[in-house]
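Protein chains in written order, with my numbering: chain B, 15 to 383; chain V, 15 to 383. Yeah, the Cβ is synthetic: ideal placement off N, Cα and C, and Gly gets one too. This structure is a prediction, so every number in the text was calculated from the model and none was measured.
Spelled out as structure tokens, the structure:
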């Protein structure tokens, strides 16, 4: 007996998951991972002040967190120089993207994104019964602003999604180019600008907070540079009108108390963030140097990972990935044409990078292209 | 400029929230709360082992939590004596109720619940464009099993919601009565059995785990007896088929790493739970004794709160509530006819209860009925 019918849209969805986590890989393969460089986490960890604040607040977790995330919104408003009413807090960007799809999408609506861009966003779009239109990356492995714009003008989608800097390629556009793109998008199309990797990018990458448009929502997170992936906390920035929408459907007490405390404390320790950003930049350089030394073509990155063009086809890159995983190094690779010649390695500690690059070197030398 | 249109259903929703949190009340009134007895949290806190585990794991929060919540599901399966495949983990029962509504409800579907039952569930139903049919509580302040069943048979809803024990009244049905109810509901109606207060109820209240039906989902939480409200972690129990549905739409990495660790550790410390349950039972008795001493009519409760019938009307009970709040005691009251003669006080520490009951006594003596 199958039980009551799922809704028609849900019944049509596959039972797949957007990403197979490293713990799941370990359980499936029985191989204990020695380096965790596949999820773009920050092994430099959260600030020691955050660790102390979590430990100190642990006895208080019997109370629900503040449903309005007031203290965090206040701190973000001050830090960013934008009113509290322009900020919504959620369970990571993943959670906020899911809410955004539910707010705006109806069955049959079109959504424009890049072929190979964020699978979790696509997963949330599918759950609304909306239709994805995917544009190839450009010849420089960037999300194609002109391709996205042309398609938006052509199909009139409800939403266009763009990550800047981009994941999985690590490429980016300047704030000026992004602003021109935003201004060219019609007012009835919502622009989702995913800035998850904003902190690790050159200063000229992020448009100023003053760039408020009724059809623009920007997304940021404490999961990457701030080293708080496991705390699930991110935020969206937009006009007060757009931001107020989240209150209609969000899980009001959904962000944990410790996550709110951790985020406030992390934001206050900008010295630690600067230190982390320097370590990430150094690690990026190290991966690029090592990869070039192997005759590979790493792609210059504004993020905390490096996409490495293996200078061959999907089969070859997949073989490299599989072999890395078999030797306990967790990395990922894009699956779609145009990008699937690459593997993607997150910036780890010096030890992690050395281990991963040694393994990579050994594999490259053994596999003939 | 209002921005792109929200979906038709979302546009029709009010911008209200299901519950105004205590921090919000403090900010709005400027009154610092002295006792927090309105959200049915557990001031006895989590086990000291949980507090230690959180502090110990704090440096590791740079990694995402396990997307499959494997260790927690394994521990729950062992504890409950039911296969892992019958358990789904989510961001509290609130999160799981939201997902359930999204899985099953289409616009125009009917949902049967009790008038005065869980507002957050109703909020999630409204977000799907489904229609609530609300049945009054019975003369003993219980959710009316016969009323719910008759209405289910009459309107053929997609979902029927029942909490056992009940919130906000604290009343309950026996496992046998619940089982008879479940067996009388047609197979195409999903039964949501909310057992958030299951741990604090008499042993005869919860049907055995063997009660698996294709149209039954049961919900439990670490927020109440386990003292982990701020960690946002709960679970649903059902047939493997029904449980698999959650994987189609849930935020796969949405439960925080520390929440998973806290829940596993809490579950392992059943001695601490027993100690908490004894303290809750004693606190319940104390509230009942004090209320009776004031000539009020507390309702015997299977939960960690007591609904107190003020033996007058809504206006009177609201006056008591408002006055309590003005004096820094956070409690709540039901708003609907039939229940609105009551205030609801969570079981606090002995000190909290003494404070709250002293304030209540003072108010009752001053306000003439």
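*asked:* Per the DSSP calculation, residue 104/V is bridged to which residue(s)?
replied: 248/V
Can you tell me whether residue 145/V is helix, strand or coil according to DSSP?
strand
Classify residue 327/V as helix, strand or coil using the three-state DSSP reduction.
coil
Between the alpha carbons of residue 166/V and residue 235/V, how many angstroms are there, rounded? 27 Å
What does the alpha-carbon distance come out to for the pair residue 267/B and residue 130/V?
20 Å
(message) I'd like to know whether the C-beta atoms of residue 27/B and residue 262/V end up nearer to each other than 8 Å.
(response) yes
Problem set entry | Every unbroken alpha helix (DSSP H) inside the region 17 to 90 of chain V [4 residues or more] | 22 to 25, 36 to 43, 62 to 71
Mind the definition here: the region 84 to 100 of chain V touches the region 81 to 93 of chain B only if three or more C-beta pairs lie below 8 Å; say whether that holds.
-> no
Three-state class that DSSP yields for residue 151/V in the structure shown | coil
Subject >> Alpha carbon of residue 384/V to alpha carbon of residue 193/V, nearest angstrom >> reply: Coverage of chain V is limited to positions 15 through 383, which leaves residue 384/V absent and any answer about it impossible.
Do the CB positions of residue 438/B and residue 105/V come within less than 8 Å of each other?
No statement about residue 438/B is possible, as the shown extent of chain B runs from 15 to 383 and does not include it.
Exercise for review: Assign residue 379/V to one of two classes, buried (16 or more other C-beta atoms within 10 Å of its C-beta) or exposed (fewer than that).
Suggested key: exposed
Review point. In this structure, does DSSP put residue 311/B in helix, strand or coil?
Key: strand
One question on the structure: do residue 239/V and residue 56/V come within less than 8 Å of each other, judged by their Cβ atoms? yes
- Query: Grouping DSSP H, G and I as helix and E and B as strand, with all else coil, what is residue 344/B?
  - Reply: strand
- [ ] For residue 281/B, I'd like the list of residues in its chain whose CB is within less than 6 Å of its CB, leaving aside the five on either flank, ordered along the chain.
- [x] 89, 93
Got a sec: is the Cβ-Cβ distance from residue 314/B to anything in chain V below 8 Å?
no
Subject >> Nearest neighbour of residue 360/V, chosen from 278/V, 184/V, 189/V [CA to CA] >> reply: 184/V
(Q) Does chain B have any CB closer than 8 Å to the CB of residue 213/V? (A) no
### Message
Please identify the residue among 61/V, 109/V, 274/V, 276/V whose C-alpha is closest to the C-alpha of residue 284/V.
### Response
61/V
*asked:* Against chain V, does residue 55/B count as a neighbour if the rule is that its beta carbon must be under 8 Å from one of theirs?
replied: yes
- Message: Please list the terminal residues of the continuous alpha helix (DSSP H) segment that includes residue 358/B.
- Response: From DSSP, residue 358/B is part of no alpha helix (DSSP H) but of the beta strand (DSSP E) over 356 to 360.
inquiry  = Am I right that residue 279/V and residue 273/B are in contact with their C-beta atoms under 8 Å? What's the rounded C-beta distance?
reply    = Actually they do not touch by this definition, with Cβ atoms about 18 Å apart.
Residue 265/V: contacting residues in chain B (beta-carbon distance under 7 Å):
105, 108, 109, 112
Contacts that residue 63/V makes with chain B (C-beta to C-beta distance below 9 Å): Under the 9 Å cutoff, chain B gives no residues; its nearest Cβ is about 11 Å from residue 63/V.
Using the C-alpha atoms, what's the distance from residue 121/V back to residue 277/B?
37 Å
Q. Residue 322/V to residue 350/V, Cα distance in whole Å?
A. 15 Å
Please list the terminal residues of the continuous alpha helix (DSSP H) segment that includes residue 232/B.
Residue 232/B -> not in any alpha helix (DSSP H); beta strand (DSSP E) instead, spanning 230 to 235.
Q) Expressed to the nearest angstrom, what Euclidean distance is found between the alpha-carbon atoms of residue 42/B and residue 83/B? A) 38 Å
**Request:** Measure from the C-beta of residue 47/V to each C-beta in chain B and report whether the shortest distance is under 8 Å.
**Result:** no
Check your understanding: Which residues bound the beta strand (DSSP E) around residue 275/B?
Key -> Taken as a continuous stretch (DSSP letters only), residue 275/B belongs to no beta strand (DSSP E), being part of the alpha helix (DSSP H) at 271 to 282.
**Request:** Inspect the CB distances between the region 211 to 219 of chain V and the region 136 to 149 of chain V and report whether three or more fall short of 8 Å.
**Result:** no
Exercise. Compute the Euclidean distance between the alpha carbons of residue 337/V and residue 377/V, then round it to the nearest angstrom.
Key: 7 Å
Which residues mark the beginning and the end of the alpha helix (DSSP H) in which residue 193/B is found? 189 to 198
- [ ] Please report how far the alpha carbon of residue 212/V lies from the alpha carbon of residue 179/V, in whole angstroms.
- [x] 7 Å
Practice item. Please confirm whether any heavy atom of the ligand ATP lies closer than 7 Å to the CB of residue 317/V. Key: No copy of the ligand ATP occurs in the structure displayed, which carries no ligand at all.
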